[in-house]
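So for the sequence shown, the UniProt record's numbering puts the first residue at 1; every next one is plus one. Written below as structure tokens is the structure these notes are about.
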Amino acid sequence: MTKPYLRDFRAEATALLKTPGNWVVAGIETHLPWPKVDQVVTFGGRDFVMQAATESSEPSIAFNAQPYQLSLREAREQILRFASALAWRENSKIEVFSWVGGGLPHGVGKFRGIVIQDFFEPNGLPDTDNEIALCALAFYREGLSIGNPFFAFLSFYKTIATIHRKGAERGSWIKQALGKLHTDDAKKRIKELGHPDVDIGTYLYQEGRNAIAHAELESFINPDRVADHERIHKDIPVIQGLAAIAIEEGFSLYNRQRAKSILEGSVYGFRAALKPDQLDAVLSNAPIGENQQVDLPDRITLVARRGGSFFAFEAMAVSELHQADGGFLAFFTNADKTIQVCLGVDIREDELRTDLIEGLGVRVDRSSRAGVEREILMLKFQRCVLINGRVEVWDEEINQLIACTKPYIPVNVTVNYQWYEEQIAELEKLLATLS
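This is how it looks when you write it as structure tokens:
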């Protein structure tokens, strides 16, 4: 079975979309960059296909209910939950405008132009089976997607109310959470409302939530009153920010803007392997002692990844660990010692670093297929990282990412892509002659 981090999501999408079943397809209106090629994204243990827009159709989400023994209604709910997860992670509108179904998936709607990207990074989606969390994410997506500021305000308020259900407790929570708002628009609005006589939590409830929802009140929102539009529009960053904080604090779910993602360069798996005294020693540049073992995984896969392209050295292990300033130099080798990769593990700065020129080597053997294949893989791995890719370190036993570099940015050098193409072509030609 293919490891989850070595799946070719584009190739899988092509095959999956040709598979008969009970398909449900949701036509999407969105502001988040949509992949320009069909790709699979796994969410909640199920595979969804993000279908690219074409000249005749909008982007869409396709889901085959048959393998999961779900009804068509349940399949639609799964798509909506997936859409809410996408909206939360990207903090962007995603709205389902139509549904189609059948034995095979079909395009939906008429193409109107969207922002696209080469590949949608599937990591970091909020994967939870907590029904309250899922409901909060749904309200948050609704708030992002509704074009009407009054209904958007209500959706964000309902996000908070889903988590903080009692009015008095909700008011106290809002009061202490206001200081955690971080966007400029939210902080500016708080300052504008910061008169000593104004309780902002009460203001948001009475002049926002109640004034929008209840026309029988003395003070209510009039959709034709420009001043009401302007006021609520200014309040949206505050209520949206509070809704996001409520989700973060309530369920430890973080969107891309707020999370310090493992994909931004982190060594948390190495840090977690250190005992408290070992961690103290590393951070203070004191020796941890020759007899103290660092409990790292026995089998590791190193992956070079850029978008949908990746190359992997599997069945690697940490052969040497040399202390350096605030961290280690970690040497990874395979069982027959024909491949070695050196990575800098900076515990103090929480960063994984790589030198793909000096830090990657293979035993050259052009007399055997294994030797030539190994050299080709090394060149592809190296090229992938040098053109703004990253290196990931995976624990093979539990399929967990334990460290990752930031995307590689060459400094004062130019990557000769053609040289790599020529070298790989020459080796592949040689490979064809070997038995």
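The beta-carbon is built from N, C-alpha and C at its ideal position, and this holds for glycine as well.
Local Cβ density within 10 Å of D184, reported as buried at 16 or more and exposed below that: Locating residue 184 in the sequence shown gives position 184, where the first residue counts as 1. Exposed.
For S155, the three-state DSSP class (helix, strand or coil): Residue mapping note: residue 155 aligns to position 155 of the sequence shown, counting from 1. Helix, per DSSP.
Local Cβ density within 10 Å of V362, reported as buried at 16 or more and exposed below that: As a working note, residue 362 is residue 362 in the sequence shown. V362 comes out buried.
F310 classed as buried or exposed, judged by whether at least 16 other C-beta atoms fall within 10 angstroms: As a first step, residue 310 is located in the sequence shown; it is residue number 310 there, counting from the start. So F310 counts as buried.
Residues of its chain near G250, where Cβ-Cβ distance is below 6 Å and the 5 sequence neighbours each way are ignored: The count along the sequence shown starts at 1 and reaches residue 250 at position 250. Once the five neighbours on either side are set aside, the close Cβ partners of G250 are I163.
Endpoints, the beta strand (DSSP E) within which A312 is located: Residue 312 sits at position 312 when you count from the first residue of the sequence shown. Here the beta strand (DSSP E) through A312 covers S309 to A324.
L6 versus E358: straight-line alpha-carbon distance, rounded: Here residue 6 is taken as the residue at index 6 of the sequence shown, counted from 1. Here residue 358 is taken as the residue at index 358 of the sequence shown, counted from 1. Answer to the nearest angstrom: the Cα atoms are 26 Å apart.
Neighbourhood of Q278 by C-beta distance below 8 Å, restricted to the same chain and skipping five residues each side: Locating residue 278 in the sequence shown gives position 278, counting from the first residue. These residues qualify, in order along the chain: I288, Q292 and V294.
Backbone CA spacing between G201 and I239 [nearest angstrom]: For the purposes of this step, residue 201 is identified with residue 201 of the sequence shown, where counting begins at 1. For the purposes of this step, residue 239 is identified with residue 239 of the sequence shown, where counting begins at 1. Spanning the alpha carbons of G201 and I239 requires a straight line of approximately 10 Å.
Own chain residues within Cβ distance below 7 Å of V37, not counting five before or after: By 1-based counting over the sequence shown, the position of residue 37 is 37. Excluding positions up to five away in sequence, the list reads R10 and A52.
Rounded C-alpha distance that separates I262 from V41: Working through the sequence shown from its first residue, we reach residue 262 at position 262. Working through the sequence shown from its first residue, we reach residue 41 at position 41. Unreliable placement is indicated for I262, whose pLDDT of 44 sits below 50; no coordinate value is reported for it.
As assigned by DSSP and simplified to three states, the class of M378: Within the sequence shown, the letter at position 378 stands for residue 378. Reduced to three states, the DSSP call for M378 is helix.
Burial state of E421, where buried means 16 or more other Cβ atoms lie within 10 Å: Indexing the sequence shown from 1 puts residue 421 at position 421. Looking at its Cβ environment, which holds fewer than 16 other Cβ atoms inside 10 Å, E421 is exposed.
Length of the line joining the Cα atoms of G344 and Q423: Here the question's residue 344 lines up with position 344 in the sequence shown. Here the question's residue 423 lines up with position 423 in the sequence shown. Spanning the two alpha carbons is a distance of roughly 28 Å.
Spatial distance of L72 from I79 (CA atoms): Within the sequence shown, the letter at position 72 stands for residue 72. Within the sequence shown, the letter at position 79 stands for residue 79. Approximately 11 Å, taken between the alpha carbons.
Contact set for residue 510: own chain, Cβ-Cβ below 7 Å, skip 5 residues either direction: Past the edges of the chain, shown from 1 to 435, lies residue 510, and the structure says nothing about it.
Which listed residue (Q418, P410, V393 and S155) has its alpha carbon closest to that of L379: Counting from one through the sequence shown, the residue named residue 379 turns up at place 379. For L379, the nearest C-alpha among the options comes from Q418.
Whether F48 touches F82 by CB criterion (8 Å): Start at 1 with the first residue of the sequence shown, and residue 48 comes out as number 48. Start at 1 with the first residue of the sequence shown, and residue 82 comes out as number 82. Yes, the pair counts as a contact, with Cβ atoms nearer than the cut-off.
C-beta contact flag for V115 and S57 at 8 Å: Residue mapping note: residue 115 aligns to position 115 of the sequence shown, counting from 1. Residue mapping note: residue 57 aligns to position 57 of the sequence shown, counting from 1. The Cβ atoms of V115 and S57 do not sit closer than 8 Å to each other.
Candidates V198, W23 and P35, of which the one nearest F120 by Cα: The residue labelled residue 120 in the question sits at position 120 within the sequence shown. The shortest C-alpha separation from F120 is found at P35.
Proximity below 8 Å, CB of N334 to CB of A304: If you number the sequence shown from 1, residue 334 lands on position 334. If you number the sequence shown from 1, residue 304 lands on position 304. Not closer than 8 Å, so no.
Sufficient close CB pairs (3 or more, under 8 Å) joining the segment 325–333 to the segment 280–287: Of all C-beta pairs linking the segment 325–333 to the segment 280–287, three or more are shorter than 8 Å, placing the two stretches in contact.
Extent of the continuous alpha helix (DSSP H) run through D228: Taking the first residue of the sequence shown as position 1, residue 228 is located at position 228. Segment V226 to F251, the alpha helix (DSSP H) holding D228.
Closest Cα partner of F381 within the set P33, T354 and R366: Position 381 of the sequence shown, counted from the first residue, corresponds to residue 381. Among P33, T354 and R366, the Cα nearest to that of F381 is on T354.
Separation of R306 from W88, as counted between CA atoms: Along the sequence shown, one-based indexing puts residue 88 at 88. Along the sequence shown, one-based indexing puts residue 306 at 306. The alpha-carbon atoms of W88 and R306 are separated by roughly 23 Å.
For L144, three-class secondary structure by DSSP: Here residue 144 refers to the residue found at position 144 of the sequence shown. Helix.
Assigned exposure category for Q400 - 16 Cβ within 10 Å defines buried: Counting from 1 along the sequence shown, the entry for residue 400 is found at position 400. By the neighbour-count rule (16 or more Cβ atoms within 10 Å), Q400 is not buried but exposed.
Rounded separation between F270 and F43 - CA only: In the sequence shown, counting from the first residue as 1, residue 270 sits at position 270. In the sequence shown, counting from the first residue as 1, residue 43 sits at position 43. Spanning the two alpha carbons is a distance of roughly 27 Å.
Coarse secondary structure for V391, derived from DSSP in three states: Numbered from 1 along the sequence shown, position 391 holds the residue referred to as residue 391. Here V391 sits in strand by DSSP.
Boundaries (first-last residue) of the beta strand (DSSP E) holding S60: Within the sequence shown, residue 60 is the residue found at index 60, counting from 1. Counting along the chain, the beta strand (DSSP E) containing S60 begins and ends at S60 to N64.
Coarse secondary structure for S57, derived from DSSP in three states: Residue numbering aside, residue 57 sits at position 57 when the sequence shown is read from its first letter. The answer is strand: DSSP assigns S57 an E or B state.
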